[in-house]
Every structure is written in C-alpha cells, then in structure tokens.
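Encoded as structure tokens, the structure appears first; notes follow it.
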Amino acid sequence: MEAVAKLKNVPTSPRKMRLVADLIRGERVNKALNILKFEPKQGAARLEKLLLSAISNWQQSNEDVDLEDADLYVKSIQVDSGKILKRLRPAPQGRAHRIRKRSNHVTLVLDSLAPVQEEVEKPAKKETKKTKKSDNKEDK
Numbered sequence: 006m007e008a009v010a011k012l013k014n015v016p017t018s019p020r021k022m023r024l025v026a027d028l029i030r031g032e033r034v035n036k037a038l039n040i041l042k043f044e045p046k047q048g049a050a051r052l053e054k055l056l057l058s059a060i061s062n063w064q065q066s067n068e069d070v071d072l073e074d075a076d077l078y079v080k081s082i083q084v085d086s087g088k089i090l091k092r093l094r095p096a097p098q099g100r101a102h103r104i105r106k107r108s109n110h111v112t113l114v115l116d117s118l119a120p121v122q123e124e125v126e127k128p129a130k131k132e133t134k135k136t137k138k139s140d141n142k143e144d145k
C-alpha cells in the first residue's frame, strides 16, 4: 500500500532540489534517511522531513502492519517547478536586470516491498481462448 507526502512552495530552485531527490529515488527508507542526514546540500533537510512525514502517513493507513516488516522504499519522488518571484536588480547605465527567485513542489510516494495482505481478495481472471485470423482462413 502506498503513502504520499507533498511539500509545496519550497524556496529553492527545482534544479537544486532534483539533485538531492535523485540520490534517494528507489532506495529503501533507512538508507534514504541516512543519505539525507549526511548530505550537505540545501534541500536535504527538507526532504528528510518530508520522508519522515511519508513514513508517518504510511503508519496511519497501515496500523496492523509493523514498520520493520513492511520493508518500505521510495517508489517515486517528483520535483516540479513552483511560483517564480520576479525581482529587479539595478544594473549600470540606468538599466535593470531581472532576478528570478524560483520555488518548487515535491511529491514523495512510499511503497512496501513486502506483500501486504489486503482484506478483500480479487477473483482470478478467466482465461479466454482467442482464435487467430489464420485459423479461420484454413477452415474455409
């Protein structure tokens, strides 16, 4: 079962945040937390807090399953561009240069590698035999 956590309007550029997000994509949760704890980049602390939030969200929806038995991993992490604040910086000869202060949105999805037993079992699909077009031609 999946758990989702979102972080919106983070005041760092999406490009810088993607560098940190790429480090933990596909990793197990314990390893991802260790990576983020010792990563000196700017977005690592925010992503660590987001990952802890996603773990907590997973625990809320799966109270009967133990966290260690679930074997959680980062299924996907997506960094999208947010609002861009436009500012002006004075430049020589009366001109002005535009400064773009970027922000981003991060979406983190956790999933369990261990199969979690669901209450409702899905019925097995029936096998249907399809005839090929070449079989029909031979009959004629």
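Taking our numbering, the leading residue of the sequence shown gets 6, the next gets one more, and so forth.
Glycine included, C-beta positions come from ideal geometry on N, C-alpha and C.
V84 vs N62 beta-carbon contact at 7 angstroms: no
Member of E7, A8, V9 and T17 whose CA lies at the smallest distance from the CA of I89: T17
Between the CA atoms of Q98 and L56 - distance to the nearest angstrom: 49 angstroms
Where V70 falls: helix, strand or coil (DSSP): In the structure shown, V70 sits in coil (DSSP, three-state: anything other than H, G, I, E or B).
Anticipated Cβ contact below 8 angstroms, V70 with A37, distance rounded: Contact flag wrong, Cβ pair sits at about 19 angstroms.
Straight-line Cα distance separating I60 from E73: Looking at the two C-alpha atoms, the distance is approximately 11 angstroms.
Residue burial classification, A49 (beta-carbon count within 10 angstroms, cutoff 16): buried
Residue from N67, A75 and L28 with nearest C-alpha to E53: L28
Counted within 10 angstroms of its Cβ, other Cβ atoms place S117 as buried (16 or more) or exposed: buried
Alpha helix (DSSP H) runs contained entirely in the region 83 to 129, provided each spans 4 or more residues: The region 83 to 129 contains no whole alpha helix (DSSP H) run of 4 or more residues.
Beta-carbon gap between S81 and P19 smaller than 7 angstroms: no
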